[in-house]
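First residue of the first sequence? That's 11 in our numbering, and the numbers climb one at a time after it.
Glycine residues also receive a C-beta, built at the ideal position from the N, C-alpha and C atoms.
This report refers to the structure that appears directly beneath it.
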Amino acid sequence: MPLLVLEGGRVRRARFDDIVEAVLTIIQLVPSGMVTTYGSIAKLLGVSPRLVGKALAMNKKPIVIPCHRVVMSDGRIGGYSGPGGPEFKRALLTVEGVKLCGDRVDKGHVIDLYQLLGGDQQINTP
DNA sequence: CATCGAACCAACC
DNA sequence: GGTTGGTTCGATG
C-alpha cells in the first residue's frame, strides 16, 4: 500500500517531500551508538527501501539529523551522499561506538524500528 | 557465505 | 511507458 497523507481533509498519495519529512523525523529516534536499517523505516512508512535512501540523501543537515545511522539489512554501511562519503559515515559510526567487523556493523547495534514500534505484534513463544 | 534477479514506490526522462 | 535510486528478500551454488 502506498503511503497516504492527510491534507485539507483529503487523503492523497504522499509526495516525495512528505516522505523526506517522515524519514528525517523517524531517524531522530535512533540514539547515538545504535543504527537502524532502510528496510525497517520502509516497512514502517509503507514505501520502498530505496525510496528511504533517496529521502535520506535529501537531508539538509547531516550530523544534526543523523542520516548516518541507517545501514543495510545485512549490516553493510550503505551509501552516504553527504561530505566525506561512505567513508566518513563509517568514521562517524565508529566514533559513536558502533562496532564494525570488516564492512559490516555488529548486529548488536542494529535496532529494528518496525518491531520496536509494534509493527508485527508477534509474541515470543518459549 | 556470495551471487543473482525480481520487487519495491515516487520521481524523472 | 521505461529507468532510476544511500535496498530487500528468497532462491541458488
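Local Cβ density within 10 Å of residue i, reported as buried at 16 or more and exposed below that
{"i": "residue 93", "result": "exposed"}
{"i": "residue 136", "result": "In this prediction, residue 136 has a pLDDT of 46, which is less than 50 and means its spatial position is unreliable; what the coordinates show is noted afterwards. Its Cβ having fewer than 16 others within 10 Å, residue 136 is exposed."}
Residue i to residue j span [Cα, whole Å]
{"i": "residue 81", "j": "residue 33", "result": "14 Å"}
{"i": "residue 137", "j": "residue 112", "result": "The chain is shown from 11 up to 136; residue 137 falls before or after that span and cannot be answered."}
{"i": "residue 19", "j": "residue 52", "result": "25 Å"}
{"i": "residue 75", "j": "residue 69", "result": "7 Å"}
{"i": "residue 98", "j": "residue 67", "result": "14 Å"}
{"i": "residue 118", "j": "residue 25", "result": "34 Å"}
{"i": "residue 90", "j": "residue 48", "result": "13 Å"}
{"i": "residue 96", "j": "residue 77", "result": "11 Å"}
{"i": "residue 62", "j": "residue 38", "result": "14 Å"}
{"i": "residue 100", "j": "residue 115", "result": "9 Å"}
For residue j and residue i, believed in contact at Cβ under 8 Å, the rounded distance
{"i": "residue 36", "j": "residue 54", "result": "7 Å"}
{"i": "residue 56", "j": "residue 102", "result": "Wrong, their Cβ atoms sit about 29 Å apart, outside the cutoff."}
{"i": "residue 65", "j": "residue 120", "result": "Incorrect: roughly 19 Å between the Cβ atoms, too far for contact."}
{"i": "residue 40", "j": "residue 79", "result": "5 Å"}
{"i": "residue 50", "j": "residue 124", "result": "4 Å"}
Endpoints, the beta strand (DSSP E) within which residue i is located
{"i": "residue 31", "result": "Careful: residue 31 lies outside any beta strand (DSSP E), inside the alpha helix (DSSP H) at 26-37."}
{"i": "residue 106", "result": "Unbroken run through residue 106: none, as it is neither H nor E."}
{"i": "residue 14", "result": "14-17"}
Alpha helix (DSSP H) segment containing residue i, residue limits
{"i": "residue 57", "result": "No alpha helix (DSSP H) holds residue 57; DSSP gives it neither H nor E."}
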